[in-house]
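Asker: If you use this note's numbering, the sequence shown corresponds to residues 8 to 294, in order. Even glycine gets a Cβ: it sits at the ideal position worked out from N, Cα and C. Remember, it's a predicted structure, so these values are computed and weren't measured experimentally.
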Amino acid sequence: MYIFLNDKIVPESEGVVSVYDHGFLYGDGVYETMRAYEGVVFKFERHLERLARSAALISLALPDLQFIANAVTSTLAANNLADAYIRITVSRGKGPVGLDPQLCKAPTFVVIAEKFKHYPETLYSEGAKLIIADTRRNFSGALNPKVKSLNFLNNILAKIEAKDKDAFEAVMLNHEGFIAEGTVSNIFFVRHGTLCTPSADVGILDGITRETVISLALKNGVPVEEGKYYPAELFEASEVFFTNTTAEVMPVSRINDVEYRIGKITKFLHKLYREEVSGDGKVKAAE
Ligand code: PDD
């Protein structure tokens, strides 16, 4: 395995960062997770834009976006990868202890690319089990969920709750009790034939898979509503699924004690998404 570290490709054994890195000391940094299908990064530009937004929201200076794009391309090539998981991580960098970002002279920049490990097919054929977590999603006024930050403890606490209950993913509510999102995913449900999903102002990371699914639904005659929903509305839904870059569109079979069938809108959107990733939605990494 080869890693892109700061300005060059290095063997994995040399892909190490300082214990004084503020990403390690304080979770001070941002990241993006992407997928390459047949050597082409899906929605590459959108991920770069979101990385830039995350960095701007924490006043972190990013390397030039073209440099980042080239680094991703080189990392895929160095590892001879076509169907890949890619993660870009940018931390505040190395500096003495202390919160002041100016203690760090230069950000640490890392690209990891690995062969994509597919989820077990049964998760798609039978659906995943979810819980509603007690842990609430970060209040936007404290740490805006729009920042895809290295500080993931909020979501990790909810993931621990899910694991304790033998569930695959946890649905997090916001501070007002509205459905926000999963620990690493966005939530969708179907009510009377309309696809519903929490709106961005509930305090979520506005997923790139989410926006792709919304636009596929609209283009293909499925009405979409973004809003503020309580768990009771989710429990009454006829179909539920969640989305993210790696799971794509994953059906849900159960939330707490409520069971769902994998419905036709879920199956339809899953199929459309799969077609999209293997077709026009792809942008060449080098472009
Ligand atoms: N997570 N919400 C949260 C909190 C997330 O961390 C993610 C993505 C999403 C979905 O975003 P997208 O559709 O752009 O992948 C929503 C990635 C997969 C991760 O943490 O690796």
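Relative to the alpha-carbon of A239, which residue among R268, V191, G184 has its alpha-carbon at the smallest distance?
Answerer: Selected option, being the one with the closest Cα: G184.
Asker: Since A177 is in the alpha helix (DSSP H), which residue starts that stretch and which ends it?
Answerer: First-last for A177: 176–180, but that is the beta strand (DSSP E), not the alpha helix (DSSP H).
Asker: Does the distance between the C-beta of N158 and the nearest non-hydrogen atom of the ligand PDD fall short of 7 Å?
Answerer: False, no ligand heavy atom lies under 7 Å from that Cβ.
Asker: I need the straight-line Cα distance from E282 to L202, nearest angstrom please.
Answerer: Rounded to whole angstroms, E282 to L202 spans 20 Å at the Cα level.
Asker: Check for me: the beta strand (DSSP E) holding G6 runs from which residue to which?
Answerer: One cannot answer for residue 6 here, as it falls past the ends of the chain, which runs 8 to 294.
Asker: On a Cα-Cα basis, can you pick out the residue from G134, P152, D35, L130 that is closest to R57?
Answerer: Closest by alpha carbon: P152.
Asker: Taking Cβ positions, are I269 and L137 nearer each other than 8 Å?
Answerer: It is not a contact, given that the beta carbons lie outside the stated cut-off.
Asker: Could you say if the segment 117–131 and the segment 74–86 meet the contact criterion of at least three C-beta pairs nearer than 8 Å?
Answerer: They touch, by the three-pair rule.
Asker: With C-beta atoms as the reference, is Y27 less than 8 Å away from G102?
Answerer: In contact: Y27 and G102 (Cβ atoms closer than 8 Å).
Asker: Given a cut-off of 8 Å, decide if F196 and L241 are closer than it, judged by their beta-carbon atoms.
Answerer: Cβ distance < 8 Å, so L241 and F196 count as in contact.
Asker: Return the CA-CA distance between A84 and V97, expressed in angstroms with no decimal places.
Answerer: Between A84 and V97, the C-alpha separation is close to 21 Å.
Asker: For E232, does the count of other Cβ atoms within 10 angstroms reach 16, so buried, or fall short, so exposed?
Answerer: Classification for E232: exposed.
Asker: Which class does E128 belong to by DSSP, given the choice of helix, strand or coil?
Answerer: It is helical.
Asker: Give me the Cα-Cα distance between I10 and D213, rounded to the nearest whole angstrom.
Answerer: Using only the alpha carbons, I get a separation of about 28 Å.
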